[in-house]
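Under this note's numbering, residues 73 to 144 are what the sequence shown spells out, in order.
Worksheet: the structure to be examined is printed underneath.
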Amino acid sequence: MIVPFGFLTCFVVILAAQPVMEFGPKNLTVLDGQDATMTCRAAGAPVPNVTWIFNGKYQHCNTHTRHLIGTF
Numbered sequence: 073m074i075v076p077f078g079f080l081t082c083f084v085v086i087l088a089a090q091p092v093m094e095f096g097p098k099n100l101t102v103l104d105g106q107d108a109t110m111t112c113r114a115a116g117a118p119v120p121n122v123t124w125i126f127n128g129k130y131q132h133c134n135t136h137t138r139h140l141i142g143t144f
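See below:
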C-alpha cells in the first residue's frame, strides 16, 4: 500500500499458548455389550493434537467425530 508523504508500519502478532487439558476422560464402568463414551477437550495455540491409545495401540480419531475403538 502506498501512503503519500508518510510511512506505513505493519505489525504481526503471533499468539502462542501452552496446551491445556480443559477436561480429560473419566474412568468408566459399563456392563458387557454396552457402549462407553469417553470425551476430552484440549486448548492451546496452535490447537493441540489429541491422541487416544487403546491396548497399547494408537487410535486415529478425527476431531469432533465418533470412533469405535474396539472391545476388550
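Ideal placement from N, C-alpha and C gives every residue a C-beta, glycine not left out.
All values reported here derive from a predicted model rather than from experimental measurement.
Cβ of residue i within 8 Å of Cβ of residue j?
i: Pro91; j: Gly128; result: no
i: Met110; j: Pro97; result: yes
Secondary structure at residue i, three-state DSSP: helix, strand or coil?
i: Val92; result: strand
i: Ala108; result: coil
Where do the N-terminal and C-terminal ends of the beta strand (DSSP E) with residue i fall, by residue?
i: Phe126; result: Trp124 to Phe126
i: Lys129; result: Lys129 to Gln131
Short of 8 Å in beta carbon distance, which residues of its chain neighbour residue i, apart from the five on each side in sequence? Order them along the chain.
i: Arg113; result: Met93, Glu94 and Phe95
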